[in-house]
Each structure stands twice: as C-alpha cells, then as structure tokens.
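J.: Once you've had a glance at the structure underneath, I'll fire off some questions.
There are 4 protein chains.
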Amino acid sequence: MATRETQALIIESAVNLFNQHGTARVSTNRIAQACGISKGNLHYHFRNKESIVQSIYDQMIMEVRRNWRDDHLDPTIQHMAEMYERQLMLIWNYRFFYRELVALLRHDSQLKATFSEYRNSRTAEIVRFFKALITAGVMRQPEGAQSLESLVRISWILSDNWINYIEVDGHEISPQTIREGYALVIELFRPYLTEAALLEIQHYPLQAGSPSLKAASEQPGRKC
Amino acid sequence: MATRETQALIIESAVNLFNQHGTARVSTNRIAQACGISKGNLHYHFRNKESIVQSIYDQMIMEVRRNWRDDHLDPTIQHMAEMYERQLMLIWNYRFFYRELVALLRHDSQLKATFSEYRNSRTAEIVRFFKALITAGVMRQPEGAQSLESLVRISWILSDNWINYIEVDGHEISPQTIREGYALVIELFRPYLTEAALLEIQHYPLQAGSPSLKAASEQPGRKC
Amino acid sequence: MATRETQALIIESAVNLFNQHGTARVSTNRIAQACGISKGNLHYHFRNKESIVQSIYDQMIMEVRRNWRDDHLDPTIQHMAEMYERQLMLIWNYRFFYRELVALLRHDSQLKATFSEYRNSRTAEIVRFFKALITAGVMRQPEGAQSLESLVRISWILSDNWINYIEVDGHEISPQTIREGYALVIELFRPYLTEAALLEIQHYPLQAGSPSLKAASEQPGRKC
Amino acid sequence: MATRETQALIIESAVNLFNQHGTARVSTNRIAQACGISKGNLHYHFRNKESIVQSIYDQMIMEVRRNWRDDHLDPTIQHMAEMYERQLMLIWNYRFFYRELVALLRHDSQLKATFSEYRNSRTAEIVRFFKALITAGVMRQPEGAQSLESLVRISWILSDNWINYIEVDGHEISPQTIREGYALVIELFRPYLTEAALLEIQHYPLQAGSPSLKAASEQPGRKC
DNA sequence: AATGAATGAGGCTTCATTCAT
DNA sequence: GATGAATGAAGCCTCATTCAT
Chain E
1 MATRETQALI
11 IESAVNLFNQ
21 HGTARVSTNR
31 IAQACGISKG
41 NLHYHFRNKE
51 SIVQSIYDQM
61 IMEVRRNWRD
71 DHLDPTIQHM
81 AEMYERQLML
91 IWNYRFFYRE
101 LVALLRHDSQ
111 LKATFSEYRN
121 SRTAEIVRFF
131 KALITAGVMR
141 QPEGAQSLES
151 LVRISWILSD
161 NWINYIEVDG
171 HEISPQTIRE
181 GYALVIELFR
191 PYLTEAALLE
201 IQHYPLQAGS
211 PSLKAASEQP
221 GRKC
Chain P
1 MATRETQALI
11 IESAVNLFNQ
21 HGTARVSTNR
31 IAQACGISKG
41 NLHYHFRNKE
51 SIVQSIYDQM
61 IMEVRRNWRD
71 DHLDPTIQHM
81 AEMYERQLML
91 IWNYRFFYRE
101 LVALLRHDSQ
111 LKATFSEYRN
121 SRTAEIVRFF
131 KALITAGVMR
141 QPEGAQSLES
151 LVRISWILSD
161 NWINYIEVDG
171 HEISPQTIRE
181 GYALVIELFR
191 PYLTEAALLE
201 IQHYPLQAGS
211 PSLKAASEQP
221 GRKC
Chain S
1 MATRETQALI
11 IESAVNLFNQ
21 HGTARVSTNR
31 IAQACGISKG
41 NLHYHFRNKE
51 SIVQSIYDQM
61 IMEVRRNWRD
71 DHLDPTIQHM
81 AEMYERQLML
91 IWNYRFFYRE
101 LVALLRHDSQ
111 LKATFSEYRN
121 SRTAEIVRFF
131 KALITAGVMR
141 QPEGAQSLES
151 LVRISWILSD
161 NWINYIEVDG
171 HEISPQTIRE
181 GYALVIELFR
191 PYLTEAALLE
201 IQHYPLQAGS
211 PSLKAASEQP
221 GRKC
Chain G
1 MATRETQALI
11 IESAVNLFNQ
21 HGTARVSTNR
31 IAQACGISKG
41 NLHYHFRNKE
51 SIVQSIYDQM
61 IMEVRRNWRD
71 DHLDPTIQHM
81 AEMYERQLML
91 IWNYRFFYRE
101 LVALLRHDSQ
111 LKATFSEYRN
121 SRTAEIVRFF
131 KALITAGVMR
141 QPEGAQSLES
151 LVRISWILSD
161 NWINYIEVDG
171 HEISPQTIRE
181 GYALVIELFR
191 PYLTEAALLE
201 IQHYPLQAGS
211 PSLKAASEQP
221 GRKC
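Written as structure tokens, this is what we have:
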C-alpha cells in the first residue's frame, strides 16, 4: 500500500481511538490492530506514539488553516453561525486533543508553541470579525475597553468545552447538540445584537443539512 | 503512623501529582515515592489506584457539600464574588479531575451517577441564587424563558474551564488569575446588572486577602 | 482467648480453605480473615505458613495414631468395613494433603520422613490384618509370595485417591460416595473372600448411621 | 526463531517445571528463565499462565487421541501390557496435571468438560477391550453385573496414581517402576485370567527396550 | 494475646520499541 | 513497505512476614 494511505489510515484510527478512550489508554498495539496492520509496520510509519499525536495535531492545524481565513470579510449573522459551527465540529472531531490539552502541551514544548500561536492569531481574527460586525451595524459596541476581547474569550472557552460538557451527561453528539452549543454563544452576545440581527437569527438558524453536521451525525457509526 | 495520617498524605500527594501530570502518567509507585512510603504500604491503605481516585472524588464532594449550602439566602454582589471564588478554587485544587472528567466518568459508572447529581443540584442552586438577585433588584430579568438558565450554564462552563484555559498558556495560577476568571463571569452578566450593582463591583473587587486565595498562591510551592 | 483455642480455630479454618482451594491459593491473610483475627495475631501463633501445614499434619497423624491400633486383633469383615471407612474419612478430612503430597513432601524433608514411616508401618499393620483374616478363614491366601502385599498396596492407592477421583466428576462427597469407595475395595478382594464372608458383606454393609459418616455428610455446611 | 519452536520450548520447559514443583510454585518468570528468553517474549507467545496450562492440556489430549484408538481390536495380553505402559507413560509425562486435577478443573470449567468427556470415553474403550479379552477366552467374566466396570475403575485409579505413590517414596521413575505399576494391574486382574494368559505374562513381560520406556528413563536428565 | 501499620520481594502483565527477514 | 519475534522497563498488585504498641 502507498505510504500516504497507510499513514492516513493510522491517523484516522488513532483519532477515533483517542477520542473514545484518551491517549493514555490507547496503546500503539491497539491502533495497529484497529488498522489491521502489524506493530512493526506502524513503527515503520511513525517513529513513536508521540509522533502520531504530532501528526494528528498537524492535520488539525491544516484543517484550521484551510477553513479559517478572512472571516472578518463577511460580517453577517449567517457567517457567524457557520464560523461557530465549523469550530464546534473541529473540536468534536479532535476532542481528545482538547481534553488532554494541558498534559499534551506540557509534555511537548514544540506543540505548545504552535498551539499558543494558533490560539492567539485565531482569537485576534475573531475579534476582528466582531469589530466588522459592529461596523456593519449588526452589533453594538460593548462598553469598556476590554469588553469585546472578554466576550470573545468567553465564547472561545465555551466552544472548546461545550462538547465536553455535553459528553459528561452521556449525551451522544448530534447536529442538535452542536446547535445548542451555538445557541449558548448567541445567548452570550444577545444583549449586544441589533433588532435586525435578532430577527435574522430566527430566520436562519443553524441548518441540520450542512455538510459538516452530516459528518458529525454519521461519525458514531465508524468502525475503527 | 495513624491510618488517617498516612491516607491523608497519600491523597494529598496523589492530588498534586495528578494535577501536574494527569492520572494516567502517575504510577502508584510514584505516589508511594512522593509520600516516602513503600509500595506495599500504599496498597495496604488503598486497594488500587482507582480507589485513590474515588477517595479524592469523595473528598472533593465533601468540600462541596460543606461550602455550598443556601447560597440563595444572601443575594448580594459580594456573595456572588465569594461563590465564584470558592468554585474556582475548588476546581483549581482538583483540576486533574475536571480535565479527565469524560474518561473518568466513562470508566466508573458509580462516579458518573454522583457527579451528574451534584452538577444538577448545584446548577439549580445557582439559578435560585440569581433569581434571588433579581428579586432583590440587583439584576434585571433576562428576556426569554430559558435565558437565565443559559447564562448560568455558560458561567458553569466558564468556571470549569477557565483554569485549564490559563494553564495552557503556561501561566501560574495566582489570586490574580482567579480574579480574572471571576471578571469574565461578571462580563457575562454585566448587561443584566443594575447601576448599583456595577458600582458595588468596583468598590468590592475580589479580595487578594481572602483565605482560600492565599492557599492558592502558596500551593505551587508544595513539595510532593 | 486462650492460645489453644485460637490455634485450633486457625488450623480448622486452614484445613477447610486448603481443602477447597489448595495450599498455594490460600494466603495467610485469607486464613486470618476466615478466623476473624488479624494477620499479626496469626503470625503470633504460627511463625509462618509452613508451620501451619506442619501442625495440620501433626494433627492428622495424631488422629491416625488414635484410631489405628491393633486392627489385626479383630479380623472380621465388619471390622474391615470400619477400617476402610475410617481411612476414607480421614483422607476426606485432609484431602488437600493427599492431593499435594508430592510437592509438600519435596518441600519439607522432615515431613517426608515422618510420612514415609507412617505409610510403611500402616501398610504393615494392614497386611497383618489380612493375614489374620486368612488365619480366621474369612479369606483365602492369594497365590504368589508378593500377592497379599500387592493387593494391600492397591487398596491403599485406591483409598488415597478415590475421593479425588470422585471430586473430579464434581460430585459432592457423601456417605454414599464413601460407601462406593469401600465397595471398590471389596471388589478388589472379592476373589479371595470365602462364601461366608461374601454373605456377611451383604448383611452388614457400611452403615449410613455411623458417627464419622454423619460428620462427613454435615461437613460441607461448615462456615470457615 | 520460529513461533512454533519457541512455543514448543516454552511448553516443554513449563511441563518440566510444573512436574517438579507444581503449577503454583512455578512463576512465568521462572519459565522464561528456564527457556532463556525474556518475560516479554513469553507473554508474546502465551497471553498468560493459564493459557500455558491450557496448551499443555491440549497437547496431552492430542497425544491421547493419537495413541488410543481401537484398543479393543487387539485383545491380547501383549496389547494390554502396551496399553497400560502407554497410559502410565503419559501420566508420568504430565504428572503435574494429574496431581492438581481437582484444583485445575475447578478453576477452568471448559477444561473440566473436555476432561470428563475424555475420561468417560476412555473408560468405555477399556471396558470394551476387556470384554473382547473375555470373548477371546483370555479372561473369565467376573461375577456380578457391575464387576468388570468396577475392576476397570480400579485399574484407572491405580494407573493415575501409581506414579504419585512412587514419587512420595522419593524413587526416581524408571522402566522398572513403570513395570511395577503394570504388575499391580496384573495382580488386580489375575483371578480372572486363564492359565494361558498367565503363562503368556511370564513369557512376555513389559520390555525395558520399548521406545516410550526409553524416553522415560532418559527424561530425568533434561536440562530445563 | 492481639492489633494494625509497614516492608520488600516477587508475581503477572502491558507496552513502546527494535530488528532481522 | 511490511511482518513477526524479541526485548526490557515499568506498572499494578499480592503476599509472607516483622514490629511497635
């Protein structure tokens, strides 16, 4: 099989297992088994377990980079919905990573550096988006110099942890739960939205038919 | 040595190590070493690793039960500050638990049941507190039937994960970071607070001199 | 409690547990628990596990010595039945010992010496009993110099292992199974018994009402 | 090294050690050492200790199946000698198994089922053999409906335990001791044998030169 | 007599990783 | 590219035993 294919298979299986059981409880053995390849082969493609995590991280960052460019150029409520949906889906797909963040970053300083950089630049981009929203008259300027940054921070923490919050209750993740997470974000920003924006929210709710949400609802059926 | 003392020592050491490295990366061996006792003795006091986690959880719940009663009887901004400070400190002290929540609960169904019950009853108590705040005229009723519940949910997720958020940046936890977490909660509720309440916030910020914050600022210096 | 009582309790519990699970699978811990005493106390009474086995052995030998004297002075079929019943009961009561004989004796050379001596002298006594039976006209002399010794040997091996043989089938031990074991011994000697003896066997079968058989049928209900 | 070779080596070493010390006193560690392989490698080939015992049992049953077919088609004294010799050798080779039968079967219900089935079908085969002997005029029909079955049972118990009986005395096993065991079986059946058969026994004693007996006499010198 | 705390050796097993083929 | 055999470290746990009280 081509190197790329095997590597992709390994990463896919690893992500699934890590999401289900956490990195510590998943042995390289188990990953190899899930892929239907030998332990030896796995180590041919990845020097060690850590490098699998690294690759998963790289892949995640690549997805981020592909999706998240120039959000501030389309300052609409609809785009906001799409933005948060994308973010929540990404977190769902790599939820093991968000759960173990502290330990993983403490353990790998290079990973830590790139993650911090990602977080900062992404936060800045979101702030820029909300400033564009304000300029476009969709939202009012919160009072206080730091207020907008604070709200974005809150929305960030909310996004990062909504899925975790839901999982603790034992709920399955679904388009519905993703929509509920987004609803909380709206609740956070509601006092600052204009009448027009609030109306639009009711007309354009997060759509169950969007492609990434479909992926989410299918995912539990995967085999690895 | 008395059983109680040794058990307390083990739990203290385990909490510290778990907080630093995560439960999976801390062996019973390492805990015993940190305590300066033999492996055998550790297993004399705790049948296995899981039972250590159980005991830590029990201790945490006991602290919760001791602290959180009848919060809604004192519906003031000052009490609100204390409430959230307490909550943030608790989470800081047992942060490993909050990080690994999903895995731990998935692994232990009894623990899951008690935790769900705790979360529900505590959420209800906080909602009651905010209703009392509204009745006392400190806060305005948010529009929409579900709004207050949603805000409380957001504040919960915020509290649970603020410390994680900060730690990823590599910041040490300190009275200052606890205060910043509380500031975010205030930012969340700000649109609904009355003028009087907002004034009070400026006059009575979270005090660096409160006992639990002192504990927090000292804790990083512990030995185990 | 008096030393004697505690020691007796320990030995009783140990015999029961050893019989059920084998010496290797029974820890001193478990014995102490079964007795309701502490590990420390157990080691106060018995230096180590081996010395418990030693004591059990001594007790068994004492029972033997008490029961088996001058069997050859009463050379009747009835006495023969009683002899074998006694032997089978003893083996049942200390069956763990007979199962693990080789390992136990290999491990403890003093025990080995006393056991060999016991076996030899007991075999000689049984041979003497059968010679008396022959003299009394109850049995015919088997042809061949070694024959009687061989038959006694066979009956010995039979007695030692009948209970084991039965247990493998998962049958509970009962007066009935003891009687069946004795029936095999009779079958072995049948060709050498006179008509009168054979008649007597039918008139005086092993009695279910004899004291030691009662003990046997009650024993499974013991608590330790 | 090939998997088969290593596995065979492990099993061979394990059988030897189990025979010498009993399963409980032989650690997987010790087996690995005896084989000159690492602990890890041992567990690569056998998931755990129990599965080693299982494999040994399977191997024993295979040997049985290979050897014991259609014994009743050759109803001669010579064949009888060979039959019992084979049986005694098998028991010698796997004597640990026969000693610990009760504990092993109690511990593993699958093993128990197969063993019971083996014992029953083998006993039936031996009974069939003796019936053929009677038909062939080599042996007389014992009186009483159950007598033949009883004699076979006795010979079974005798075979199973003769080696144990001898070992307790500390005797090394040798062609001579195997022959003595067989002699006891003959003693058991002697009253029912015809003149011709008895003569034949004297002319064709168990041969020291038969292949399996050679194996037996060499075995004590094995290294592991 | 009895207890409970403590120890250290050793048992079983998992696992990441290496390497010859 | 891939495999399977092998390794050694480390993890969790049990246990006989000791000792102060």
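Sequence order for the protein chains is E, P, S and G.
Each residue of the first sequence is one higher than the last, beginning at 1 in the numbering used here.
Each residue of the second sequence is one higher than the last, beginning at 1 in the numbering used here.
Each residue of the third sequence is one higher than the last, beginning at 1 in the numbering used here.
Each residue of the fourth sequence is one higher than the last, beginning at 1 in the numbering used here.
In this text, a Cβ means the ideal position worked out from N, Cα and C, and glycines have one as well.
Whose C-alpha, out of E:S51, E:C35, E:N29, E:S55, is nearest the C-alpha of G:Y44?
T.: Locating residue 44 of chain G in the fourth sequence gives position 44, where the first residue counts as 1. Selected option, being the one with the closest Cα: E:N29.
J.: CA-CA distance, E:L90 and E:M60?
T.: Locating residue 90 of chain E in the first sequence gives position 90, where the first residue counts as 1. Locating residue 60 of chain E in the first sequence gives position 60, where the first residue counts as 1. Straight-line measurement puts the Cα of E:M60 at about 8 Å from the Cα of E:L90.
J.: Counting only C-beta atoms, is P:W162 closer than 8 Å to chain E at any point?
T.: Start at 1 with the first residue of the second sequence, and residue 162 of chain P comes out as number 162. With 8 Å as the cut-off, P:W162 counts as an interface residue toward chain E.
J.: Would you list the one or two residues that DSSP bridges to E:M60?
T.: As a first step, residue 60 of chain E must be located in the first sequence, where it is residue number 60. Its beta-bridge partners do not exist; DSSP assigns none.
J.: Please confirm if the segment 129-138 of chain E is in contact with the segment 176-191 of chain P, defined as three or more CB-CB distances below 8 Å between the two stretches.
T.: no
J.: Measure the alpha-carbon distance for E:K70 versus E:E143 and round it to whole angstroms.
T.: Against the first sequence, residue 70 of chain E aligns to sequence position 70. Against the first sequence, residue 143 of chain E aligns to sequence position 143. Looking at the sequence itself, residue 70 of chain E is Asp, so the reference to Lys does not match. Computed Cα separation, rounded: 26 Å.
J.: Measure how close the beta-carbons of S:V244 and S:T123 come, nearest whole angstrom, since I'm counting them as under 8 Å.
T.: Chain S is shown from 1 up to 224; residue 244 of chain S falls before or after that span and cannot be answered.
J.: Are any of the Cβ atoms in chain P nearer than 8 Å to that of E:L133?
T.: For the purposes of this step, residue 133 of chain E is taken as residue 133 along the first sequence, with counting starting at 1. No, no contact with chain P.
J.: Residues in the same chain with beta-carbon distance under 7 Å from E:F18, minus the five sequence neighbours each way, listed in chain order, please.
T.: The residue you call residue 18 of chain E lines up with position 18 of the first sequence. Cβ within range, chain order: V26, F96.
J.: Leaving aside the five residues before and after E:V15 along the sequence, list all residues of the same chain whose C-beta is less than 8 Å from its C-beta, in chain order.
T.: Start at 1 with the first residue of the first sequence, and residue 15 of chain E comes out as number 15. The answer, listed in chain order, is I56, N93, Y94, F96.
J.: According to DSSP, is S:M83 helix, strand or coil?
T.: Here residue 83 of chain S refers to the residue found at position 83 when the third sequence is read from its first residue. Looking at S:M83 - three-state DSSP - the assignment turns out to be helix.
J.: Reducing DSSP to helix, strand and coil, say where P:M89 ends up.
T.: Residue mapping note: residue 89 of chain P aligns to position 89 of the second sequence, counting from 1. Three-state result, P:M89: helix.
J.: Specify, as a first and last residue, the run of the alpha helix (DSSP H) that G:S147 falls within.
T.: Residue numbering aside, residue 147 of chain G sits at position 147 when the fourth sequence is read from its first letter. Run containing G:S147: 147-168, per the alpha helix (DSSP H) assignment.
J.: Answer with buried or exposed for P:A103, where buried requires no fewer than 16 other C-beta atoms within 10 angstroms of its C-beta.
T.: What you label residue 103 of chain P is simply residue 103 of the second sequence in a count that begins at 1. It counts as buried.
J.: Could you compute how far the alpha carbon of E:K39 sits from the alpha carbon of G:R47?
T.: Mapped onto the first sequence, residue 39 of chain E falls at position 39. Mapped onto the fourth sequence, residue 47 of chain G falls at position 47. Each residue's alpha carbon lies about 17 Å from the other.
J.: Answer with buried or exposed for P:M83, where buried requires no fewer than 16 other C-beta atoms within 10 angstroms of its C-beta.
T.: Position 83 of the second sequence, counted from the start, is the residue given in the question as residue 83 of chain P. By the 10 Å Cβ count, P:M83 comes out buried.
J.: Where does P:L9 sit, in a helix, a strand or coil, going by DSSP?
T.: Here residue 9 of chain P refers to the residue found at position 9 when the second sequence is read from its first residue. Reduced to three states, the DSSP call for P:L9 is helix.
J.: Note down the Cα distance separating G:I166 from G:P175, rounded to an integer number of angstroms.
T.: Here residue 166 of chain G refers to the residue found at position 166 of the fourth sequence. Here residue 175 of chain G refers to the residue found at position 175 of the fourth sequence. Looking at the two C-alpha atoms, the distance is approximately 13 Å.
J.: To the nearest angstrom, report how far apart S:T3 and S:L42 are at their CA atoms.
T.: If you number the third sequence from 1, residue 3 of chain S lands on position 3. If you number the third sequence from 1, residue 42 of chain S lands on position 42. The straight-line gap from Cα to Cα measures roughly 11 Å.
J.: Check the DSSP bridge columns for E:M1 and list the partner residues they point to.
T.: As a working mapping, residue 1 of chain E is identified with position 1 in the first sequence. Answer is none; E:M1 lacks a bridge partner.
J.: Over what stretch of residues does the alpha helix (DSSP H) that includes S:N29 continue unbroken?
T.: By one-based count along the third sequence, residue 29 of chain S stands at place 29. Looking at the DSSP string, the run of the alpha helix (DSSP H) that includes S:N29 is 28-35.
J.: Measure from the C-beta of G:E187 to each C-beta in chain S and report whether the shortest distance is under 8 Å.
T.: By one-based count along the fourth sequence, residue 187 of chain G stands at place 187. Yes - at least one Cβ of chain S is within 8 Å of the one on G:E187.
J.: Check each candidate in E:K131, E:S116, E:D58, E:R66 and name the one with the smallest Cα separation from E:L73.
T.: Within the first sequence, residue 73 of chain E is the residue found at index 73, counting from 1. Selected option, being the one with the closest Cα: E:K131.
J.: Rounded to the nearest angstrom, what separates P:R106 and E:I126 at their Cα positions?
T.: As a working note, residue 106 of chain P is residue 106 in the second sequence. As a working note, residue 126 of chain E is residue 126 in the first sequence. Taking the straight line joining both Cα atoms gives about 34 Å.
J.: Between which two residues does the alpha helix (DSSP H) containing G:Y44 stretch?
T.: In the fourth sequence, residue 44 of chain G corresponds to position 44, counting from 1. 39-45 is the span of the alpha helix (DSSP H), which, as asked, contains G:Y44.
J.: Using the C-alpha atoms, what's the distance from P:Q33 back to E:S150?
T.: Position 150 of the first sequence holds residue 150 of chain E. Position 33 of the second sequence holds residue 33 of chain P. Rounded to the nearest angstrom, the two C-alpha atoms are 43 Å apart.
J.: Going by DSSP, name the residue or residues bridged to G:L193.
T.: The residue given as residue 193 of chain G occupies position 193 in the fourth sequence. G:M139, per the DSSP bridge assignment.
J.: Just mark P:M62 as buried or exposed, buried being the case when its beta carbon has 16 or more other beta carbons within 10 Å.
T.: Residue mapping note: residue 62 of chain P aligns to position 62 of the second sequence, counting from 1. By the neighbour-count rule (16 or more Cβ atoms within 10 Å), P:M62 is not buried but exposed.
J.: When you compare only the Cα positions, how much space is there between P:T23 and P:I173?
T.: Residue numbering aside, residue 23 of chain P sits at position 23 when the second sequence is read from its first letter. Residue numbering aside, residue 173 of chain P sits at position 173 when the second sequence is read from its first letter. Each residue's Cα considered, the two are about 20 Å apart.
J.: Could one say the Cβ of E:P191 lies closer than 8 Å to chain P's Cβ atoms, at least one of them?
T.: As a first step, residue 191 of chain E is located in the first sequence; it is residue number 191 there, counting from the start. Yes - at least one Cβ of chain P is within 8 Å of the one on E:P191.
J.: Look at the alpha carbon of S:I78 and the alpha carbon of G:S147, and state the distance between them as a whole number of angstroms.
T.: Taking the first residue of the third sequence as position 1, residue 78 of chain S is located at position 78. Taking the first residue of the fourth sequence as position 1, residue 147 of chain G is located at position 147. Here residue 78 of chain S is Gln; the residue named in the question, Ile, does not match the sequence. If you take the alpha carbons of S:Q78 and G:S147, they lie about 21 Å apart.
J.: Can you find a CB in chain P that lies within less than 8 Å of the CB of E:A248?
T.: Absent from the model: residue 248 of chain E. The displayed extent of chain E is 1 to 224, so no value can be given.
J.: Helix, strand or coil for P:Y182, going by three-state DSSP, please let me know.
T.: Position 182 of the second sequence, counting from 1, holds the residue named residue 182 of chain P. Three-state result, P:Y182: helix.
J.: Please report the straight-line C-alpha distance between E:I52 and G:Q54, rounded to a whole angstrom.
T.: Numbered from 1 along the first sequence, position 52 holds the residue referred to as residue 52 of chain E. Numbered from 1 along the fourth sequence, position 54 holds the residue referred to as residue 54 of chain G. Answer to the nearest angstrom: the Cα atoms are 38 Å apart.
J.: Mind checking S:N164: buried by the 16 CB within 10 Å criterion, or exposed?
T.: Reading the third sequence from its first residue, position 164 is the one you call residue 164 of chain S. S:N164 should be labelled buried.
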